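Numbering (the numbering used here), first residue to last: 578 to 828.
What follows is the structure, given as structure tokens:
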């Protein structure tokens, strides 16, 4: 009887291991799909923007967020406009640097030294990519409505949108990889997506970006975050970065 119980226990453990491996492979495939889809989407969008195929819808969406009687007035009461400025600040360099330093401090205090090193390379690398892409496309800023925020760079892709996606999504992806609790994984990911969306929407609301600039920033930033997540997952399997299984050993 004991022999049969032992066999059954081993069988259940084997099935559990196979199920876990299956989930891991599924998640990896999902990350690859996000990366591939993001790259394809950005290339297709950039091609349309260069050809002028998005100009009509860009103008329509931008004007829809303005008072028809006074294009200098964004729709909604004054406090909504003020919130738009607050949200757009979440994608500014100063705020993103503080967020990154806070995340690095968390990883260092948690003794995830190699994960912290990876994050210190991944996030600035994505921000540098955003800067280079803006210089390469050099799309003019919208001139249909007055700008409600100061601007001094080109328009495509939206730097605030891409940098916020790079920072929030990449940091969330990295923190998820060293955090075993599923509810915390979901919380970090949802929070990162919400912040990224708010920053992008605020850029169009304030009239400093075309909608396609923001969409391009989101797709490029999400692609970079997916790439970083895939690379970190590969490095964890090779033991080069701390894994979520080691979390329980942290004091």
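Cβ coordinates follow ideal geometry from the N, Cα and C atoms, glycine included. None of these values were measured; they are calculated from a predicted model.
When the beta-carbon positions are compared, residue 622 and residue 804 stay at least 8 Å from each other. For residue 648, the uninterrupted beta strand (DSSP E) run begins and ends at 647-651, by DSSP. Distance between residue 699 and residue 711, taken at the CA atoms: about 19 Å.
Note on the segment 748-787: whole alpha helix (DSSP H) runs with a minimum of 4 residues are 759-782, in chain order.
As DSSP reads the structure, residue 662 sits in no beta bridge.
Pairing residue 781 with residue 639 gives a Cβ-Cβ distance under 8 Å.
Per DSSP, residue 722 lies in no alpha helix (DSSP H) segment and is marked neither H nor E. Under the DSSP assignment, residue 699 falls in the alpha helix (DSSP H) whose first and last residues are 690-714. Under the 8 Å Cβ criterion, the segment 704-721 does not count as touching the segment 682-693, having fewer than three qualifying pairs.
Distance from the Cα of residue 777 is smallest, within the candidate group 767, 798, 802, 633, for 798.
Collapsing the DSSP output to three states places residue 810 in a helix. For the pair residue 746 and residue 802, the CB atoms are nearer than the 8 Å cut-off.
Residue nearest to residue 787 within the set 655, 606, 636, 620 is 636 (criterion: CA-CA distance). By the criterion of at least three beta-carbon pairs nearer than 8 Å, the segment 763-778 is in contact with the segment 652-671. Around the beta carbon of residue 809, 16 or more other beta carbons lie within 10 angstroms, which makes this residue buried. Note that the C-beta distance between residue 723 and residue 649 is below 8 Å. With a beta-carbon spacing of about 4 Å, residue 806 and residue 750 fall inside the 8 Å limit used to define contacts.
Between the C-alpha atoms of residue 725 and residue 783 there is a straight-line separation of about 5 Å.
Burial of residue 689 is indicated by the presence of at least 16 other C-beta atoms within 10 angstroms of its C-beta.
The continuous alpha helix (DSSP H) containing residue 679 extends over residues 670-686. Of the residues assessed, residue 647 falls on the exposed side of the cut-off, its CB having fewer than 16 other CB atoms within 10 angstroms. Rounded to the nearest whole angstrom, the CA to CA distance from residue 721 to residue 619 is 24 Å.
According to the DSSP assignment, residue 640 belongs to the alpha helix (DSSP H) that extends over 632-641. The C-alpha of residue 691 is placed about 43 Å away from the C-alpha of residue 656. Within the same chain, 801 come within 7 Å of residue 706 by CB-CB distance, once the 5 residues on both sides are set aside. The residue from 660, 634, 774, 758 with its alpha-carbon nearest to that of residue 735 is 774.
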